[in-house]
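Enquirer: Letter 247 of the sequence shown, counting from 1, is numbered 399 in my numbering, and no numbers are missing. I have a structure here, written as structure tokens, and I will follow up with some questions on it.
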Amino acid sequence: MNIFLKELRSHRKSLIFWSIGVFLMVVSGMAKYDAYSSSGQSINDLVADLPKSLRAVLGFGAVDLSKISGYYAMLFLYLLLMATIHAAMLGATIIAKEERDKTFEFLFVKPVSRTTIITAKLMAAFVNIVIFNLVTYVSSIILIAKYNDGEAVNKDIAILMVGMFILQLLFMVIGSALAAVKKKPKTAASLATGILLLTYMLSIVIDLNEHIEGLKYLTPFKYFEAKNIMFGGGLDIIFVVISAVLIALFSYVTYVFYQKRDLNV
């Protein structure tokens with residue numbers, strides 16, 4: 153319990169900054185929606201002339217941006233990127249920071265097993281991503297209600313947050329597994345973020361080329377797309393199962409390799 157609380161305290165400031173950041177992202181996004189709506193301009197017309205590649209990169213996709221549901225589906229991509237980057241970096245640093253800060257000797261002289269230590273660290277990371285997810289959800293609900301003209305979207309947003317949470321867990325354990333496996337765990341956060349960005353770029357390439365649609369199983373960013381969840385009937389059970397298997401696998405890797413690793417002085 154002491155390790156768990158210590159980890160919560162040590163990541164408190166970081167969580168506050170990330171939470172403020174995602175709140176401001178929602179605020180600025182919805183303010184832009186209100187500005188376009190008030191001006192009488194159609195967002196769809198503004199983006200229609202953009203190249204397909206640019207629309208894919210920006211996340212405009214095949215949604216009606218003039219409706220608040222379509223606009224939020226586009227905004228959700230940016231919120232998801234923030235959430236997964238935060239989770240990946242958190243999972244890596246919460247494992248690696250003892251070696252980075254040279255505090256592992258103090259930690260490991262305590263009468264607790266490495267399994268207990270890693271469990272406490274992962275639970276603290278879990279609480280952090282839950283709070284981040286709740287901040288995103290509450291911010292979205294409140295601000296959409298301010299600009300909504302009656303469209304029912306709250307249920308869809310709740311399902312989107314479930315999808316986001318699953319991906320947060322996935323990238324968190326990817327980060328922790330990398331930190332446990334690598335001989336130099338200090339680089340795990342940057343490597344986890346690099347993997348995240350590569351899978352994101354793959355999702356964009358798939359959007360640009362329908363002939364490689366089968367590669368969608370290789371990028372988590374295709375698992376819970378807002379356009380499918382909000383307009384296609386919710387979460388896809390196949391992707392939920394794949395995510396659960398990957399989360400279990402990377403969690404197992406974290407425990408096994410952290411038990412075996414030699415700590416660098």
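Don't be surprised by glycine CBs; every beta carbon is placed ideally from N, CA and C.
Quick one: measure Cβ to Cβ for A244 and S328, integer angstroms, because I've assumed they're closer than 8 Å.
Expert: The residue labelled residue 244 in the question sits at position 92 within the sequence shown. The residue labelled residue 328 in the question sits at position 176 within the sequence shown. Contact holds; Cβ gap of about 7 Å.
Enquirer: Taking A187 as the reference, which of F156, K165, Y223 and S171 has the closest Cα?
Expert: Start at 1 with the first residue of the sequence shown, and residue 187 comes out as number 35. When each option's Cα is compared against that of A187, the closest is Y223.
Enquirer: Okay, do the segment 376 to 391 and the segment 307 to 327 touch, 3+ Cβ pairs below 8 Å being the bar?
Expert: Yes, the segment 376 to 391 touches the segment 307 to 327.
Enquirer: Taking 8 Å as the threshold (C-beta atoms), are M182 and Y369 in contact?
Expert: Working through the sequence shown from its first residue, we reach residue 369 at position 217. Working through the sequence shown from its first residue, we reach residue 182 at position 30. No; because the gap between Cβ atoms is not below 8 Å, this pair is not in contact.
Enquirer: By Cβ distance, which residues of its chain are closer than 6 Å to G344, with the 5 residues on each side in sequence left out?
Expert: Looking up residue 344 in the sequence shown gives position 192. The sequence shown places Ala at residue 344, rather than the Gly named in the question. If we look at A344 and ignore the five residues flanking it on each side, its Cβ neighbours are A240, A244, I326, G327 and L330.
Enquirer: Using only alpha-carbon positions, find the residue among V405, S166, S403 and K307 that is nearest to F284.
Expert: As a first step, residue 284 is located in the sequence shown; it is residue number 132 there, counting from the start. Out of V405, S166, S403 and K307, S166 has the C-alpha closest to the C-alpha of F284.
Enquirer: Would you say L286 and F376 are within 8 Å of each other, going by their C-beta atoms?
Expert: The sequence position of residue 286 within the sequence shown is 134, counting from 1. The sequence position of residue 376 within the sequence shown is 224, counting from 1. Taking 8 Å as the Cβ cut-off, L286 and F376 do not qualify as a contacting pair.
Enquirer: Taking K158 as the reference, which of L321, V279 and I296 has the closest Cα?
Expert: Within the sequence shown, the letter at position 6 stands for residue 158. Out of L321, V279 and I296, V279 has the C-alpha closest to the C-alpha of K158.
Enquirer: Can you list, in chain order, the residues of its chain whose CB lies under 7 Å from that of V333, leaving out five sequence neighbours each side?
Expert: Your numbering for residue 333 matches position 181 in the sequence shown. Hits under 7 Å: V405 and F409.
Enquirer: Does DSSP put V417 in a helix, a strand or coil?
Expert: Counted from its first residue, the sequence shown places residue 417 at position 265. At V417, the pLDDT of 46 sits below 50, so the modelled position is not reliable; the number obtained from the coordinates is stated separately. Three-state DSSP puts V417 in coil, outside helix and strand.
Enquirer: Assuming T406 is part of the alpha helix (DSSP H), what are its boundary residues?
Expert: Against the sequence shown, residue 406 aligns to sequence position 254. Note, T406: alpha helix (DSSP H), I389 to K412.
Enquirer: Under a Cβ-count criterion, where at least 16 other Cβ atoms within 10 Å of its own Cβ denotes burial, should V290 be classed as buried or exposed?
Expert: Position 138 of the sequence shown, counting from 1, holds the residue named residue 290. Flag for V290 reads exposed.
Enquirer: N361 by DSSP, collapsed to three states: which one?
Expert: The sequence position of residue 361 within the sequence shown is 209, counting from 1. Three-state DSSP puts N361 in coil, outside helix and strand.
Enquirer: With H, G and I counted as helix, E and B as strand and the rest as coil, what does DSSP make of L157?
Expert: Your numbering for residue 157 matches position 5 in the sequence shown. In the structure shown, L157 sits in a helix (DSSP, three-state: H, G or I).
Enquirer: Closest to S221 by C-alpha separation, out of A297, D388, I237 and G366, would be which residue?
Expert: Translated into positions along the sequence shown, residue 221 becomes position 69. Selected option, being the one with the closest Cα: A297.
Enquirer: Near H238, which residues of its chain fall below 7 Å by C-beta distance, leaving aside the five closest residues on each side in sequence?
Expert: In the sequence shown, the residue the question calls residue 238 occupies position 86. W170 and F284.
Enquirer: Can you tell me whether D359 is buried or exposed? The criterion is at least 16 other CB atoms within 10 Å of its CB, across all chains shown.
Expert: By one-based count along the sequence shown, residue 359 stands at place 207. Buried: at least 16 other Cβ atoms inside 10 Å.
Enquirer: Suppose you measure from the CA of I309 to the CA of T288; what does that come to, to the nearest Å?
Expert: Along the sequence shown, read from residue 1 onward, the residue named residue 309 stands at position 157. Along the sequence shown, read from residue 1 onward, the residue named residue 288 stands at position 136. Near 10 Å, if we compare the C-alpha coordinates of T288 and I309.
Enquirer: Could you spell out where the alpha helix (DSSP H) holding K273 opens and where it closes?
Expert: Residue mapping note: residue 273 aligns to position 121 of the sequence shown, counting from 1. Element bounds for K273: R266 to Y299.
Enquirer: Pop quiz: A225 and I246 are said to be a contact at Cβ under 8 Å. What is the actual Cβ separation, rounded to whole angstroms?
Expert: Reading the sequence shown from its first residue, position 73 is the one you call residue 225. Reading the sequence shown from its first residue, position 94 is the one you call residue 246. Not quite, the Cβ-Cβ distance comes to about 31 Å (not below 8 Å), so this is no contact.
Enquirer: Give the single residue among K374, K335 and P337 whose Cα lies nearest to the Cα of L350.
Expert: Here residue 350 refers to the residue found at position 198 of the sequence shown. For L350, the nearest C-alpha among the options comes from K374.
Enquirer: Kindly list the residues whose CB is nearer than 7 Å to the CB of R161, restricted to its own chain and excluding five residues on each side of it in sequence; keep chain order.
Expert: Translated into positions along the sequence shown, residue 161 becomes position 9. Answer for R161: no residue qualifies.
Enquirer: For V174, count neighbouring Cβ atoms within 10 angstroms of its own Cβ and tell me buried if that reaches 16, exposed if not.
Expert: Taking the sequence shown and counting its residues from 1, one reaches residue 174 at position 22. The residue in question, V174, is buried, as its Cβ has 16 or more Cβ neighbours within 10 Å.
Enquirer: Determine the direct distance from the alpha carbon of H163 to that of I389, and round the result to whole angstroms.
Expert: For the purposes of this step, residue 389 is taken as the residue at position 237 of the sequence shown. For the purposes of this step, residue 163 is taken as the residue at position 11 of the sequence shown. Going from the Cα of I389 to the Cα of H163 covers about 33 Å.
Enquirer: On the DSSP letters alone, give me the boundaries of the alpha helix (DSSP H) that S328 sits inside.
Expert: Mapped onto the sequence shown, residue 328 falls at position 176. Segment N306 to V333, the alpha helix (DSSP H) holding S328.
Enquirer: Shortest alpha-carbon distance to S292 belongs to which of V393, L231, I168 and G346?
Expert: As a first step, residue 292 is located in the sequence shown; it is residue number 140 there, counting from the start. Closest option to S292, Cα to Cα, is L231.
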